[in-house]
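The structure appears right after this line, and notes come after that.
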DNA sequence: CCAATTTACCAAAGCGCTTTGAAAATTGCA
DNA sequence: TGCAATTTTCAAAGCGCTTTGGTAAATTGG
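Residue numbers (our numbering), protein chains in the order written: chain A, 1 to 350; chain B, 1 to 350.
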């Protein structure tokens with residue numbers, strides 16, 4: 001069923017039917033009712049491609065999912081983020097175009113998305129330090145919003161980010177307050193912007209307290225369960241092991257937990273663990289007393305915010321950039337406790 | 001830059017430029033070269049919407065991601081599946097349209113996707129027992145492929161599925177061979193088709209060996225880490241605890257592992273665990289001796305197969321249905337060992 | 001060398017919609 | 001009742017592409 005057929009059926013012109021359907025005022029209310037009803041009855045929905053061609057708006061948002069064919073990693077926060085963004089798109093009549101591209105052809109993929117006129121706007125995932133995509137998208141003149149930020153780029157662009165530095169400074173301070181001095185950091189890949197900021201927060205906390213930084217306790221890797229496990233296993237078996245771990249995501253933290261219990265130690269007593277919790281749906285870390293002490297910031301919520309910001313940007317081209325900082329909430333769970341040394345000292349005092 | 005501008009620039013007609021670009025024979029090779037070059041130089045790519053309008057093909061595959069607003073779950077295998085499918089789409093010039101919809105309006109969403117002419121084909125995720133979407137999509141006459149199958153529907157439709165029944169029968173037999181008799185099953189939601197098949201495999205193995213089935217050891221729930229943890233915690237604390245667990249995914253199994261070590265037990269010795277491993281990228285369970293004994297079947301690979309099947313179907317409308325069964329590989333890891341009773345018996349024999 | 005092909009290109013129609021500009025129908029008011 | 005103002009409807013153009021049905025130019029064969 002297309003517009004012509006529907007309007008022939010109703011004995012009206014395509015113009016009138018179109019206007020009736022799209023809520024224009026210059027059509028009698030009784031006519032509109034009839035049209036609406038007929039459309040519903042015949043399951044008519046305007047052809048997307050024709051409509052977007054005529055209006056010049058694609059009503060589509062592009063997401064590029066870079067997937068390395070080498071290590072086959074696909075970011076686990078992606079699904080939750082998309083779910084959040086997708087809710088907003090549905091509510092606003094936008095489609096979501098997902099482009100899965102090989103790591104090294106990401107830029108070409110953005111270019112093509114725009115020159116094909118396939119999307120009205122783009123969301124940038126996982127910005128790196130000094131990310132070249134920002135300059136590219138500005139050059140292409142397409143509206144975009146970054147989930148995260150990119151250090152060293154001072155151009156004005158729209159972003160929604162968690163205050164990573166502050167979050168990691170807080171959890172590190174929290175561990176320091178508990179008497180921990182050797183604190184390992186399991187961070188994301190070094191070129192990722194969020195990892196840089198988290199590292200900075202961690203260092204700021206240590207330095208503010210005059211605690212010596214040990215580079216041998218700082219790790220940058222793909223945030224797999226195995227990374228957490230192997231790193232913690234080695235550290236715990238070595239001389240002078242850390243008494244606490246800061247993990248960039250719940251996934252490596254699960255590996256850390258495994259290594260701790262394999263070593264016959266108890267998490268929250270012998271070794272403390274704090275995490276950044278993205279509130280992934282299959283790894284809920286909530287309740288009165290969550291498994292992990294965490295700075296939490298829902299990535300699904302971030303998806304909603306980013307999507308809304310982009311839609312606003314598309315609706316109002318001239319508007320100023322949208323820059324939004326989300327604060328992470330620090331929640332204490334069962335994975336942290338006083339450093340063993342401090343506990344002993346306090347017991348002796350008694 | 002659009003076709004008209006490009007052809008004016010070249011002093012050629014739109015027809016010729018279009019044909020040159022699309023590889024038709026009736027254009028001189030030297031002209032084609034010139035056109036190609038100019039297109040590249042000016043970063044011309046044909047407008048997707050105009051092109052698809054003219055050809056009548058959307059060159060887009062639809063995926064519907066149902067997201068319950070209640071429990072906010074988004075299937076963690078989704079991202080990996082999409083990554084696999086997306087690779088195939090990219091290679092074949094298809095776009096991926098992702099529709100995030102609320103649980104209860106999923107059907108309406110398929111309807112609209114088709115009547116809007118937004119997609120050439122649809123992939124069905126997470127089929128339930130007697131899934132109504134199959135009848136719906138047949139009625140709509142749109143090509144589709146199901147990732148999984150739907151019991152009780154005998155209509156011919158295309159699917160790619162893992163042999164879930166066989167896989168779970170095998171792991172259950174494996175545990176029985178090790179002397180386990182009380183084996184808990186942590187399955188997915190009861191209305192999911194895969195859960196039904198897995199349950200059937202588990203039961204078939206027990207029955208074949210004449211082992212009494214204890215319904216109190218079978219659980220159907222959303223496959224979260226917490227489900228695994230809580231279930232195992234309670235079972236291990238109760239009278240007559242199971243000596244082995246079969247988990248439908250690595251995620252609840254991680255919870256089971258946590259409960260085991262919290263109870264002061266050792267996985268692989270006191271309690272055995274086997275899993276279905278979807279080979280999620282952030283939870284690699286491979287290497288010489290993986291953490292978990294598992295039946296493995298890469299969901300990313302499944303994504304590739306499903307996507308390819310759908311593309312073929314679109315290209316050849318008359319072709320017979322595609323039904324493909326993937327077998328899962330049983331790999332022995334560190335999470336399984338002889339049942340304590342059997343071990344004792346064998347030690348006495350010596 | 002000229003008719004018959006073949007080659008290389010082009011004008012225009014059409015995909016299904018929105019939107020402009022105009023016409024027809026209705027209403028208001030003297 | 002008559003005419004201007006207003007409301008309602010319509011025909012046709014246009015969005016950027018593909019494709020049909022040509023035509024002129026180049027090539028071939030006898």
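Even for Gly, the Cβ is constructed at its ideal location relative to N, Cα and C.
Not flagged as an interface residue toward chain B: residue 337 of chain A, since no C-beta distance is shorter than 8 Å. Rounded to the nearest whole angstrom, the CA to CA distance from residue 49 of chain B to residue 57 of chain B is 10 Å. Rounded to whole angstroms, the separation of the alpha carbons of residue 59 of chain B and residue 119 of chain B is 7 Å.
Here the alpha carbon of residue 190 of chain A sits roughly 50 Å from the alpha carbon of residue 16 of chain B. The beta carbons of residue 73 of chain B and residue 207 of chain B sit no closer together than 8 Å. When Cβ-Cβ separations below 8 Å define contact, residue 317 of chain B makes no contact with chain A. Taking 8 Å as the cut-off, the beta carbon of residue 112 of chain B is found closer than this to the beta carbon of residue 45 of chain A. With contacts defined as CB atoms closer than 8 Å, residue 294 of chain B and residue 271 of chain B fail to qualify as a contacting pair.
Using a Cβ distance threshold of 8 Å, residue 64 of chain A and residue 106 of chain A count as a contacting pair. Taking a C-beta cut-off of 8 Å against chain B, the contacting residues of the segment 104–123 of chain A are 111, 112, 115, 116, 117, 118, listed in chain order. The DSSP assignment places complete beta strand (DSSP E) segments of no fewer than 3 residues inside the segment 314–349 of chain A at 323–326, 329–331, in order along the chain.
By the Cβ neighbour-count rule, residue 252 of chain B is buried, with 16 or more other Cβ atoms within 10 Å of its own.
When Cβ-Cβ separations below 8 Å define contact, residue 137 of chain A makes no contact with chain B. Just measuring C-alpha positions, the residue of A:82, A:100, A:141, A:86 sitting nearest residue 317 of chain A is A:141. For residue 97 of chain B, the neighbours in chain A by C-beta distance under 9 Å run, in chain order, 60, 95, 96, 97, 98.
Taking a C-beta cut-off of 7 Å against chain B, the contacting residues of the segment 225–246 of chain A are 225, 226, listed in chain order. Residue environment analysis places residue 43 of chain B among the exposed positions, since fewer than 16 neighbouring C-beta atoms fall within 10 angstroms of its C-beta.
CA-CA distance, residue 138 of chain A to residue 147 of chain A, rounds to 16 Å. A straight line joining the alpha-carbon of residue 336 of chain A with that of residue 233 of chain B spans about 21 Å. With the rule of 3 Cβ pairs closer than 8 Å, the segment 81–88 of chain B does not count as touching the segment 159–177 of chain B.
8 Å or more divides the Cβ of residue 123 of chain B from the Cβ of residue 299 of chain B. Between residue 218 of chain B and residue 199 of chain B, the gap from beta carbon to beta carbon is short of 8 Å. Per DSSP, residue 11 of chain A has no beta-bridge partner at all. Beta-bridge annotation (DSSP): residue 245 of chain A is paired with A:184, A:273. Bridge pairing for residue 295 of chain B: B:276, B:330 [DSSP]. Taking 7 Å as the upper bound on Cβ-Cβ separation, chain A lies near residues 261 of the segment 261–275 of chain B. Interface annotation, residue 82 of chain A: in contact with chain B, CB-CB separation under 8 Å.
Around residue 22 of chain A, no beta-carbon contact reaches into chain B at under 7 Å, the shortest distance being about 14 Å. Annotation: Cβ neighbours of residue 89 of chain A in chain B (cutoff 8 Å, chain order): 100. With respect to residue 315 of chain B, residue 178 of chain B sits apart: the two C-beta atoms are not nearer than 8 Å. Interface with chain A (8 Å Cβ-Cβ cutoff): residue 86 of chain B is included. Taking 8 Å as the CB threshold, residue 44 of chain A lines the interface with chain B.
Using a Cβ-Cβ cut-off of 8 Å, residue 79 of chain A counts as an interface residue toward chain B, since at least one Cβ of chain B sits closer than that to its own.
With distances taken between CA atoms, residue 181 of chain A lies nearest to A:214 out of A:214, A:160, A:151, A:152. In this structure, residue 75 of chain A and residue 284 of chain B do not form a Cβ contact; the two beta carbons are roughly 15 Å apart against a cut-off of 8 Å.
Within 10 angstroms of the beta-carbon of residue 51 of chain A lie 16 or more other beta-carbons, which makes it buried.
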